[in-house]
Amino acid sequence: MQQAVLGAILLAAVLGGRAASLEAQVRGIPVYNAGVPRGVGVYADVGFPNDEAGGGTAYAVTGRGGFGPFGATAMLSSYNPDGPGDADLSVGATLNYRVFGGPLVPLAVTLQGGIGYAKPDVGALPDDDVTELRFPVGVGLALTIPNPVLAIRPWLAPRLDIVRVSADGAEAQTDSEFALSGGIELNTLGGFGLHATYDAIFAEGGTPGVFGVGAHYTFRVPGL
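Structure, rendered in structure tokens:
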């Protein structure tokens, strides 16, 4: 009984305090929706959540693949928020579908659905007792600006951010908020690139956000 009461209090605190722990999809890293890649890419990111999002630093590695109009990603992140406690690991994946755009069309419109999984350290219960699932669902708009040396790709992606938190001995709770991410990619002809992203969740009582920067390399695959 005591465990059930504690679990219920914990779930209310986690959902009621989302402004203090922005995970977007994987913890501490912005949701990325710049379109379906043409080939296979490897991305490395560093995330810097603001104070409303818990502060601290996150590191992530992502694999991305494009197969015609379809795309998929897989992510692993390590997030160490401000304050005591160890870093939290989380994993995530997305499926993408390009509904508009092509090799000769600079504007791309992409639908995206994803999932993120974590067992956050919230202090009240052991990590193994708390499970957090996140489901970002949205659309991305990206514009490729080509030039002889460097292709510039700004993008913007509104979404619905759904979070479901469960704990042993308590009924799971689900919440949803509007969120918006955007950024820019700088890509060379050889496949190497740099990127920067900002993500914000417009939650009641605050707007947690995270700024991310990173580098990536895309391997061109004939036919993709």
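Under this note's numbering, read the sequence shown as residues 187 to 410, first letter to last. Ideal Cβ placement from N, Cα and C applies to all residues, glycine included. None of these values were measured; they are calculated from a predicted model.
Candidates the options, of which the one nearest residue i by Cα
{"i": "Ile215", "options": "Thr248, Gly227, Gly221, Val228", "result": "Thr248"}
{"i": "Ala356", "options": "Val222, Asp315, Ser263", "result": "Asp315"}
{"i": "Tyr218", "options": "Val291, Gly299, Ala273, Gly242", "result": "Gly299"}
{"i": "Ala244", "options": "Arg320, Val232, Ile387", "result": "Val232"}
{"i": "Ile301", "options": "Val285, Arg320, Leu336, Pro289", "result": "Arg320"}
{"i": "Leu297", "options": "Val291, Pro255, Arg284", "result": "Arg284"}
{"i": "Tyr303", "options": "Pro292, Asn373, Ser264", "result": "Ser264"}
Segment limits, beta strand (DSSP E) that includes residue i
{"i": "Asn219", "result": "Premise fails: Asn219 is in no beta strand (DSSP E) and is neither H nor E."}
{"i": "Asn333", "result": "Unbroken run through Asn333: none, as it is neither H nor E."}
{"i": "Asp231", "result": "226-235"}
{"i": "Gln359", "result": "356-374"}
{"i": "Thr393", "result": "Unbroken run through Thr393: none, as it is neither H nor E."}
{"i": "Ala382", "result": "378-388"}
{"i": "Ala258", "result": "256-266"}
Residue-chain proximity (residue i, chain B), Cβ-Cβ < 7 Å
{"i": "Glu371", "result": "No chain B is present in this structure, which holds just one protein chain."}
As assigned by DSSP and simplified to three states, the class of residue i
{"i": "Ala239", "result": "helix"}
{"i": "Asp315", "result": "helix"}
{"i": "Pro292", "result": "strand"}
{"i": "Asp274", "result": "strand"}
{"i": "Gly302", "result": "strand"}
{"i": "Arg213", "result": "coil"}
{"i": "Arg339", "result": "strand"}
{"i": "Val407", "result": "coil"}
7 Å Cβ cutoff met for residue i and residue j
{"i": "Ala358", "j": "Ser352", "result": "yes"}
{"i": "Gly392", "j": "Glu238", "result": "yes"}
{"i": "Asp385", "j": "Val399", "result": "no"}
{"i": "Thr404", "j": "Gly225", "result": "yes"}
{"i": "Glu363", "j": "Ala389", "result": "yes"}
{"i": "Asp371", "j": "Ala220", "result": "A small correction: the amino acid at residue 371 is Glu; Asp does not occupy that position in the sequence shown. It is a contact, given that the beta carbons lie within the stated cut-off."}
{"i": "Pro322", "j": "Asp347", "result": "yes"}
{"i": "Asp274", "j": "Gly242", "result": "no"}
{"i": "Gly324", "j": "Arg345", "result": "yes"}
{"i": "Gly257", "j": "Asn282", "result": "yes"}
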